[in-house]
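Asker: Residues -15 to 209, numbered by the numbering used here, are exactly what the sequence shown covers, in order.
Note that the Cβ used here is the ideal one computed from N, Cα and C, for glycine as well.
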Amino acid sequence: MSTPLPDDDSRRPADPSPEDTTTRPADDAAPGPDQKPLLGGGRFGLFSEALLVGLGVSVLSLPIITAVPALAAGVSHVRRHLDGRPDTVAALWEDFTAACRGVWLVSIGMPVLLLVLLFNLQLIGVGGMPGGTGVRVATVFLVAVLLVITLRAAAGWSPGARWGAIVQTAAKRTGDDLTGTVLLVVALGLCAVMVWMLAPLAVIVPGLLSLAVVAVEHRASVRQG
-15 MSTPLPDDDS
-5 RRPADPSPED
5 TTTRPADDAA
15 PGPDQKPLLG
25 GGRFGLFSEA
35 LLVGLGVSVL
45 SLPIITAVPA
55 LAAGVSHVRR
65 HLDGRPDTVA
75 ALWEDFTAAC
85 RGVWLVSIGM
95 PVLLLVLLFN
105 LQLIGVGGMP
115 GGTGVRVATV
125 FLVAVLLVIT
135 LRAAAGWSPG
145 ARWGAIVQTA
155 AKRTGDDLTG
165 TVLLVVALGL
175 CAVMVWMLAP
185 LAVIVPGLLS
195 LAVVAVEHRA
205 SVRQG
């Protein structure tokens, strides 16, 4: 009498139970950049950081002559946020105090030069001088160049750097990177339109410009390799 063969299923290994598996579910994976909390990361986190930087830079710029170091601190703060370094209000203040060292000739000279150019524009509009259109265009061009150099100088600042050398480098980069210069002029124009439409938006303009110049400088560094 033949012995019965065991059923084929008896020779198969038992299926592992869900409790025995050691792999983590896909849902438990580390969250990507866009899955972070809205106010701490992701796209909206960067936008909110730009708004906070704009408010902080606006407050620090109230004495007018502190506008340049305040903008430099704002740009540094945006970079801190993008690099994942501490981006607290205390860090913004520390960058501001560091940027104030040796900046006074630049921080006084640039606002004075800007006021002279704006006053020249006002005189042209009131006096109706011959050739006023050409002078007005040239003056607007000089204002745009001065503002772009200021933005690039703020982006080029680092603790311990000499402001004279920073401004010279910024002026050179303004001429060498014409595409980046045009992008910054467009950013300045958009911010001017925002303020013209709603004046209180002026308090967030420094943060938006800080974000714009960080993006332009990063683009230039990537293209240069």
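Whole angstroms is fine: what's the gap from Lys156's alpha carbon to Val166's?
Answerer: Taking the first residue of the sequence shown as 1, we reach residue 156 at position 172. Taking the first residue of the sequence shown as 1, we reach residue 166 at position 182. If you take the alpha carbons of Lys156 and Val166, they lie about 15 Å apart.
Asker: Going by beta carbon distance, what residues of the same chain come within less than 8 Å of Leu39, once the five residues before and after it are set aside?
Answerer: As a working mapping, residue 39 is identified with position 55 in the sequence shown. Around Leu39: Val187, Ile188 and Gly191.
Asker: Using the three-state DSSP reduction, which class does Val200 fall into: helix, strand or coil?
Answerer: Here residue 200 is taken as the residue at index 216 of the sequence shown, counted from 1. Helix.
Asker: From Cys175 to Trp77, what distance separates their C-alpha atoms?
Answerer: Your numbering for residue 175 matches position 191 in the sequence shown. Your numbering for residue 77 matches position 93 in the sequence shown. Cα-Cα distance, rounded: 25 Å.
Asker: Do you know whose CA, among Leu193, Val179, Gln106 and Arg85, lies nearest Arg136's CA?
Answerer: Taking the first residue of the sequence shown as 1, we reach residue 136 at position 152. Closest by alpha carbon: Leu193.
Asker: Taking all protein chains shown into account, decide if Phe80 is buried (16 or more other Cβ within 10 angstroms of its Cβ) or exposed.
Answerer: For the purposes of this step, residue 80 is taken as the residue at position 96 of the sequence shown. Label assigned to Phe80: buried.
Asker: Counting along the chain, where does the alpha helix (DSSP H) carrying Gly144 start and finish?
Answerer: Here residue 144 refers to the residue found at position 160 when the sequence shown is read from its first residue. Segment: none, Gly144 is in no alpha helix (DSSP H) and carries neither H nor E.
Asker: Work out the CA separation of Val177 and Leu66 for me, nearest whole Å.
Answerer: One-based indexing of the sequence shown puts residue 66 at position 82. One-based indexing of the sequence shown puts residue 177 at position 193. One C-alpha to the other measures close to 27 Å.
Asker: For my contact list, Gly68 and Val37 are in at a C-beta cut-off of 8 Å; report their separation, rounded to the angstrom.
Answerer: Counting from 1 along the sequence shown, the entry for residue 68 is found at position 84. Counting from 1 along the sequence shown, the entry for residue 37 is found at position 53. Actually they are not in contact, since the Cβ atoms of Gly68 and Val37 sit about 16 Å apart, beyond 8 Å.
Asker: What is the rounded straight-line gap between the Cα of Leu97 and the Cα of Ser91?
Answerer: Looking up residue 97 in the sequence shown gives position 113. Looking up residue 91 in the sequence shown gives position 107. Distance between the alpha carbons of Leu97 and Ser91 is about 10 Å.
Asker: Are Ala74 and Ala56 close, meaning C-beta to C-beta below 7 Å?
Answerer: The sequence position of residue 74 within the sequence shown is 90, counting from 1. The sequence position of residue 56 within the sequence shown is 72, counting from 1. Against a cut-off of 7 Å, the Cβ pair of Ala56 and Ala74 comes out as no contact.
Asker: Would you tell me roughly how many angstroms separate the C-alpha atoms of Gly164 and Ala204, rounded to the nearest one?
Answerer: One-based indexing of the sequence shown puts residue 164 at position 180. One-based indexing of the sequence shown puts residue 204 at position 220. Roughly 7 Å separates the two Cα atoms.
Asker: When DSSP labels each residue in this structure, what does Cys84 get in the three-state scheme?
Answerer: The residue given as residue 84 occupies position 100 in the sequence shown. Looking at Cys84 - three-state DSSP - the assignment turns out to be coil, as it is neither helix nor strand.
Asker: Determine whether the beta carbon atoms of Val198 and Trp147 lie at a separation below 7 Å.
Answerer: Against the sequence shown, residue 198 aligns to sequence position 214. Against the sequence shown, residue 147 aligns to sequence position 163. The answer is no: Cβ separation not under 7 Å.
Asker: Output the boundary residues of the alpha helix (DSSP H) element that contains Leu174.
Answerer: Your numbering for residue 174 matches position 190 in the sequence shown. Start and end: Leu162 to Met181.
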